[in-house]
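Worksheet: one structure, shown below.
In this note's numbering, the protein residues as written are 387 to 594.
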């Protein structure tokens with residue numbers, strides 16, 4: 387049976403100029419705030435799923451590219467920092483709207499966004515529940531899901547957002563760190579902090 391692990395609810399803030407993003411020919415940013423601050427490491431092949439629920443500040447307090455969500459960071463002894471791999475998925479503020487954003491990085495980063503039609507007022511806080519799950523029938527594949535909930539918090543829909551086929555192609559010697567993250571890439575607008583609330587902590591399952 388998988389082992390279920392959870393963290394306590396937490397808040398997390400980031401300063402301007404923080405990001406997780408790798409773009410050719412040489413840009414490699416990995417200075418976002420995470421919780422835990424140093425992510426505990428687990429064997430990559432033990433990962434089964436991870437879920438996070440969180441909220442950003444109201445839209446009228448956000449700036450371009452403000453973001454928060456779930457981070458999976460893959461590391462291996464002897465692999466330099468600019469060659470580690472990762473997946474981040476959550477909410478990103480882009481062109482005055484919140485989107486469910488997913489960025490994965492094998493060699494270089496890619497990016498996809500999905501609008502949040504339920505968000506209609508910049509005076510409210512964008513919030514979401516995101517889950518990353520490894521498929522039982524194809525252990526090399528993980529899916530990113532956006533979990534819809536009703537007013538009582540009951541799960542109503544699992545919206546599939548992204549399939550990753552590379553994450554478990556090579557597991558030998560690789561570890562995975564699992565946690566929440568926030569970052570505020572742009573410095574336009576000053577040095578103010580971005581703070582997100584992770585209302586249910588981080589929940590994840592590992593195989594024995």
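All C-beta atoms in this analysis are idealised placements derived from N, C-alpha and C, irrespective of residue type, glycine included.
Bridge partners - residue 414, DSSP secondary structure assignment: For residue 414, which the question treats as bridged, DSSP gives the partners 408.
Backbone secondary structure at residue 432 - three-state DSSP: Secondary structure of residue 432 (DSSP, three-state): helix.
Residue 426 versus residue 563: straight-line alpha-carbon distance, rounded: Looking at the two C-alpha atoms, the distance is approximately 6 Å.
Three-state secondary structure assigned by DSSP to residue 585: In the three-state scheme derived from DSSP, where H, G and I count as helix and E and B as strand, residue 585 is classed as coil.
Given residue 447 as reference, the closest of 409, 480, 460 and 534 once Cα atoms are compared: When only C-alpha atoms are compared, the closest one is 480.
For residue 610, three-class secondary structure by DSSP: No answer is possible for residue 610: the residues shown for the chain start at 387 and end at 594.
Whole-angstrom C-beta distance between residue 406 and residue 516, which should lie under 8 Å: For residue 516 against residue 406, the beta-carbon gap comes to about 15 Å, at or over 8 Å, which does not count as contact.
With 16 other Cβ atoms within 10 Å as the buried cut-off, status of residue 512: Classification of residue 512: buried, given that the 10 Å Cβ count is 16 or more.
Stretch-stretch touch, CB-based, cutoff 8 Å, three pairs: the segment 574-591 with the segment 388-397: The count of Cβ pairs closer than 8 Å, one atom from the segment 574-591 and one from the segment 388-397, reaches three, so the stretches are in contact.
Among 496, 580 and 487, the one whose alpha carbon lies nearest that of residue 330: It is not possible to answer for residue 330, since the shown part of the chain is limited to 387 through 594.
Neighbourhood of residue 421 by C-beta distance below 6 Å, restricted to the same chain and skipping five residues each side: Setting aside the 5 residues that flank it on each side, residue 421 is surrounded in the same chain by 396, 398, 565 and 566, each with a C-beta closer than 6 Å to its C-beta; the list follows chain order.
Three-way DSSP call (helix, strand, coil) for residue 447 in this model: In this structure, residue 447 counts as helix in the three-state DSSP scheme.
Alpha-carbon to alpha-carbon, residue 519 and residue 525: When rounded, the distance between both Cα atoms is 10 Å.
8 Å Cβ cutoff met for residue 492 and residue 532: Contact check for residue 492 against residue 532 fails: the beta carbons are separated by 8 Å or more.
Per-residue DSSP class, three states only, for residue 462: Coil, per DSSP.
Whether residue 456 touches residue 436 by CB criterion (8 Å): Using a Cβ distance threshold of 8 Å, residue 456 and residue 436 count as a contacting pair.
Residue range of the unbroken beta strand (DSSP E) whose run includes residue 542: Residue 542: member of the beta strand (DSSP E) spanning 541-550, first to last residue.
N-terminal and C-terminal residue of the beta strand (DSSP E) that residue 474 is part of: Start and end: 471-480.
Member of 433, 431, 411 and 451 whose CA lies at the smallest distance from the CA of residue 568: Taking the Cα of residue 568 as reference, the smallest distance to any Cα among 433, 431, 411 and 451 is reached at 451.
Exposed unless 16 or more other CB atoms sit within 10 angstroms - verdict on residue 523: That one is exposed.
Residue nearest to residue 467 in terms of C-alpha spacing, selected from 412, 434 and 509: Closest option to residue 467, Cα to Cα, is 412.
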